[in-house]
Amino acid sequence: MSTLKLDNVTVSRGAGPVIRDVSLRVDSGSITALVGPNGAGKTSLLESISGVIDPSSGDIRLDDEPLGKLSRVKRARRGLVHIEQGRAVFPSLTVEENIRLTARTQAGVDEAFDRFPELAKRRGNASGLLSGGEQQMVVLARAFASRPRFLLIDEMSLGLAPVVFMRLLPMIEQISKDGVGVLLVEQFTHLALGVADTAVVAASGRVTYQGDAATLKNSPELLHRAYLGGAP
Amino acid sequence: MLAVCLTLMARLVRVVNFSQAATGMFGGFVAVWLVSNAGMPVWLATVIGILIGGALSAIIGWIIATWLAEADTSTRSAVTVGPLLLLISLSFILFGNKPQPFRPILAGPAFSVGGVVVSQVTVVTVVLAIVVAVGCRIILAKTSAGTQLRALSERPTTAELLGIPAKLLSVGVWTVTGMISALVVSIVAPSQSNDATSLAMLIVPAAAAALLGGFRRLDLAVVGGLALGILQGLVAQIDQISFVRNFVPFLFIVGFLLWLQRKEVWDASR
């Protein structure tokens, strides 16, 4: 079993830390929802894991290998795939070209289209011309084709209607069931908690809850307290 | 061909490379020195000059890809003025400020049309420009490296997060365009003013030609280069205005930019 592990990670931007002393663990085949109010440092934390920014302190390990000195390219090649906020397609590339960027073989491309059949009929279309939901599907298919070990998904629902995002969630669940560990940052808290095994709430620059996702989903009081920065 | 190089650089690595012709000039000067002082055959010296042009360009590209990876196009482009000035100064120090005794790789007329003689240099550079433009188009459209380069040009950070080796590909583009520039300079230098400044300033007509294609379209860059060349040739034939021949690219740049801005001017005045 693969593990992505963070120990006392602090990430700073500009004047000071945006999120402090985060310790969490994501196992392969599981989904961890990282939720919390805007400005809690969720995106910064994901960026520090994938190497977009360096954490100011702490340790990040992928199967006991420290990631600190690895470039973002090397982290990606070790199976750590970060899906950024917004529509992270390459707009002028066709759907197939987007997927081919990460699929190592034609079989990999075909497998991605089998998994995401809605995209198959649009394989020759420029990705930038697809709807928002379809573009996010391309991003997921591209990540799937890279055969990741861990997916870091940042606000995939941004700019999408909840009903559109709800169509993407089963796809994320299926990827996880294939043995991929998912760290899911999401603004639609209840939807994210609905698919997650574990939940982490970040508020006011620190972790205020870490535990079972279902427990948090079923306890509005606990969720509100965590969002307001209360003690776990 | 320099316009094609500029277009490739702007499109793929987000740089308007002001040092494009200067790296070629320096490689060409080294080739001349090797022929004149080391007695090397012209072809071998030219190959070495091309490799040096590529290496210089690669160094500049590596610096920009390392320290200015996230910078915007304006900043990355402005930085290339540094190597332009550095290479001109270094040429003055190492090779003097006089024109260099380039040995022509190509010489003589290719054919004449209606009394106008078309030189071999013109024919070869035009054919090479078309071959390079078409070749690049095929590579970008049909190969995995081309797809990666197009991805990199659109969203560099996303490309890296997918494991695409951004720095390696960028430096590769810089190297290839640097080598092409040195080849171009080696071909055209014997038939024109070939001091360091004149050759480095070939960037101006190249930029004018690339501007026609918006620094995006390779075909229009080739057309722009041809059109400018013909225009300069025509102006040179008319005694009364032949002195403005070298200003034609500047006039073209100014005129084209003004034309592009025509709607903004109309909107503002309205």
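Chains A and B supply the protein sequences, listed in that same order.
Under numbering that gives the first Met the number 0, the first residue of the first sequence carries the number 0, and numbering increases by one thereafter.
Under numbering that gives the first Met the number 0, the first residue of the second sequence carries the number 0, and numbering increases by one thereafter.
Beta carbons are placed, not taken as given, at the ideal position from N, Cα and C, and that holds for glycine.
Cβ pair residue i, residue j closer than 9 Å
{"i": "Gly228(B)", "j": "Ala209(B)", "result": "no"}
{"i": "Gly28(A)", "j": "Gly180(A)", "result": "yes"}
{"i": "Glu83(A)", "j": "Thr174(B)", "result": "no"}
{"i": "Ala199(B)", "j": "Ala2(B)", "result": "no"}
{"i": "Met0(B)", "j": "Leu127(B)", "result": "yes"}
{"i": "Leu83(B)", "j": "Ala21(B)", "result": "yes"}
{"i": "Ala144(A)", "j": "Val184(A)", "result": "no"}
{"i": "Thr79(B)", "j": "Ile47(B)", "result": "no"}
{"i": "Ser152(B)", "j": "Leu11(B)", "result": "yes"}
{"i": "Phe244(B)", "j": "Gln231(B)", "result": "Rather than Phe, the amino acid found at residue 244(B) in this sequence is Arg. Yes, they are a contact pair."}
{"i": "Ala165(B)", "j": "Val80(A)", "result": "no"}
{"i": "Leu238(A)", "j": "Ile171(A)", "result": "Limits of chain A in this structure are 0 at one end and 231 at the other, which puts residue 238(A) out of reach."}
{"i": "Gly27(B)", "j": "Ala226(B)", "result": "no"}
{"i": "Gly212(B)", "j": "Thr6(B)", "result": "yes"}
{"i": "Ile52(A)", "j": "Thr197(A)", "result": "no"}
{"i": "Val203(B)", "j": "Ala132(B)", "result": "no"}
{"i": "Ala140(B)", "j": "Gln147(B)", "result": "no"}
{"i": "Val21(A)", "j": "Val206(A)", "result": "yes"}
{"i": "Arg77(A)", "j": "Leu61(A)", "result": "yes"}
{"i": "Arg86(A)", "j": "Gly131(A)", "result": "yes"}
{"i": "Leu167(A)", "j": "Leu159(A)", "result": "yes"}
{"i": "Phe25(B)", "j": "Gly52(B)", "result": "yes"}
{"i": "Phe214(B)", "j": "Val41(B)", "result": "no"}
{"i": "Ser47(A)", "j": "Arg148(A)", "result": "no"}
Of the listed residues the options, nearest to residue i (C-alpha basis)
{"i": "Arg74(A)", "options": "Leu3(A), His223(A), Val88(A), Phe187(A)", "result": "Leu3(A)"}
{"i": "Ala106(B)", "options": "Gly95(B), Thr124(B), Gly114(B)", "result": "Thr124(B)"}
{"i": "Thr121(B)", "options": "Thr72(B), Phe101(B), Pro108(B), Ile138(B)", "result": "Pro108(B)"}
{"i": "Gly204(A)", "options": "Asp26(A), Val25(A), Ser43(A), Ser1(A)", "result": "Ser43(A)"}
{"i": "Gln191(B)", "options": "Trp42(B), Asp71(B), Ser118(B), Leu43(B)", "result": "Ser118(B)"}
{"i": "Ile98(A)", "options": "Gln134(A), Asp63(A), Arg77(A), Gly67(A)", "result": "Gln134(A)"}
{"i": "Asn7(A)", "options": "Pro54(A), Val200(A), Gly158(A), Phe115(A)", "result": "Pro54(A)"}
{"i": "Ser49(A)", "options": "Ser91(A), Ile152(A), Lys120(A), Gly35(A)", "result": "Ile152(A)"}
{"i": "Val137(A)", "options": "Arg77(A), Arg148(A), Phe89(A), Arg146(A)", "result": "Phe89(A)"}
{"i": "Met178(B)", "options": "Arg215(B), Thr45(B), Lys141(B), Leu85(B)", "result": "Thr45(B)"}
{"i": "Asn193(B)", "options": "Leu217(B), Ala77(B), Ala140(B), Phe91(B)", "result": "Phe91(B)"}
{"i": "Leu50(B)", "options": "Ala64(B), Val29(B), Val253(B), Ile62(B)", "result": "Val29(B)"}
{"i": "Leu182(A)", "options": "Thr9(A), Ala32(A), Leu118(A), Val21(A)", "result": "Ala32(A)"}
{"i": "Ser63(B)", "options": "Asp218(B), Ser197(B), Ser169(B), Asp238(B)", "result": "A small correction: the amino acid at residue 63(B) is Ile; Ser does not occupy that position in the sequence shown. The candidate whose alpha carbon is nearest that of Ile63(B) is Ser169(B)."}
{"i": "Ile174(A)", "options": "Gly85(A), Arg114(A), Gln105(A), Gly57(A)", "result": "Arg114(A)"}
{"i": "Gly210(A)", "options": "Ser1(A), Asp20(A), Arg24(A), Ser11(A)", "result": "Arg24(A)"}
{"i": "Glu110(A)", "options": "Gly228(A), Glu96(A), Gly132(A), Ala140(A)", "result": "Ala140(A)"}
{"i": "Gly35(A)", "options": "Lys176(A), Tyr208(A), Ser218(A), Gly131(A)", "result": "Tyr208(A)"}
{"i": "Ala202(A)", "options": "Ser11(A), Ala106(A), Lys68(A), Lys41(A)", "result": "Lys41(A)"}
{"i": "Ser70(A)", "options": "Gln19(B), Ile163(B), Asn96(B), Val130(B)", "result": "Ile163(B)"}
{"i": "Ser18(B)", "options": "Ala70(B), Asn96(B), Leu201(B)", "result": "Leu201(B)"}
{"i": "Glu69(B)", "options": "Ile252(B), Phe242(B), Arg13(B)", "result": "Arg13(B)"}
{"i": "Ala150(B)", "options": "Glu95(A), Leu227(A), Lys176(A)", "result": "Glu95(A)"}
{"i": "Gly57(A)", "options": "Pro219(A), Thr101(A), Ser218(A), Thr9(A)", "result": "Thr9(A)"}
{"i": "Arg102(B)", "options": "Ser88(B), Gly38(B), Ala207(B)", "result": "Gly38(B)"}
{"i": "Thr72(B)", "options": "Gln99(B), Arg136(B), Arg154(B)", "result": "Arg154(B)"}
{"i": "Asn37(A)", "options": "Phe112(A), Pro147(A), Gln186(A), Glu64(A)", "result": "Gln186(A)"}
Beta-carbon neighbours of residue i, restricted to chain E and to distances below 9 Å
{"i": "Arg154(B)", "result": "Going by chain labels, chain E is absent from the structure shown, which instead holds the protein chains A and B."}
Checklist line | Cβ pair count under 8 Å reaching 3, the region 186-200 of chain B against the region 122-139 of chain A | finding: Output reads no: the region 122-139 of chain A does not touch the region 186-200 of chain B.
Checklist line | 4-residue-minimum alpha helix (DSSP H) runs that sit fully inside the region 54-134 of chain A, ordered along the chain | finding: Correct list: 71-76, 94-99, 105-114, 116-119.
Item checked: Inside the region 177-230 of chain B only - alpha helix (DSSP H) runs reaching at least 4 residues -> Within the region 177-230 of chain B, the complete alpha helix (DSSP H) runs of at least 4 residues are 195-199, 202-211.
Notebook entry, point to check: Listed in chain order, which residues of the region 126-152 of chain B have Cβ atoms closer than 8 Å to some Cβ of chain A?
Noted result: Listed in sequence order: Ser143, Thr146, Gln147, Arg149, Ala150.
Notebook entry, point to check: Quick one, which residues of the region 88-101 of chain A are near chain B if we go by CB-CB under 9 Å, in chain order?
Noted result: So the close ones are Val88, Phe89, Pro90, Ser91, Leu92, Glu96, Asn97, Arg99, Leu100, Thr101.
Next item on the list: Could you name each continuous alpha helix (DSSP H) segment of 4 residues or more that falls completely within the region 92-162 of chain B, going from the start of the chain to the end?
Entry: Listed in chain order, the complete alpha helix (DSSP H) runs (minimum 4 residues) inside the region 92-162 of chain B are 119-141, 143-153, 155-160.
Next item on the list: Please name the residues in the region 34-57 of chain A whose beta-carbon is closer than 7 Å to at least one beta-carbon of chain B, in chain order.
Entry: Flagged, chain order: Ser49, Val51.
Next item on the list: Examine the Cβ distances between the region 235-253 of chain B and the region 25-35 of chain B and report whether three or more of them are shorter than 8 Å.
Entry: Judged by Cβ distances under 8 Å, the region 235-253 of chain B makes no contact with the region 25-35 of chain B, as fewer than three pairs qualify.
Checklist line | Near-chain A residues of the region 214-227 of chain B - C-beta to any C-beta below 9 Å | finding: Of all residues in the region 214-227 of chain B, none has a Cβ within less than 9 Å of some Cβ in chain A.
Check: Taking any Cβ of chain B, which residues in the region 103-120 of chain A have a Cβ under 7 Å from it, in chain order?
Finding: Within the region 103-120 of chain A, no residue has a Cβ that lies closer than 7 Å to any Cβ of chain B.
Next item on the list: Mind the definition here: the region 161-169 of chain A touches the region 15-23 of chain A only if three or more C-beta pairs lie below 8 Å; say whether that holds.
Entry: Counting Cβ pairs under 8 Å, fewer than three are found: no touch.
Check: Of all the residues that make up the region 61-73 of chain A, which are near chain B by a beta-carbon distance shorter than 7 Å?
Finding: Those would be Arg71, Val72, in chain order.
Notebook entry, point to check: What residues in the region 205-216 of chain A bring their beta carbon closer than 7 Å to a beta carbon of chain B?
Noted result: Correct list: empty, as no residue qualifies.
Checklist line | Contact list for the region 99-120 of chain B against chain A, Cβ threshold 7 Å | finding: Cβ contacts with chain A: none found.
Note to self: In chain order, what are the residue ranges of uninterrupted beta strand (DSSP E) at least 3 long that sit wholly in the region 130-200 of chain A?
What the structure shows: 149-153, 180-184, all fully within the region 130-200 of chain A.
Note to self: At a CB distance below 8 Å, what residues from the region 143-156 of chain A approach chain B? Give them in sequence order.
What the structure shows: The region 143-156 of chain A vs chain B, Cβ under 8 Å: Ser145.
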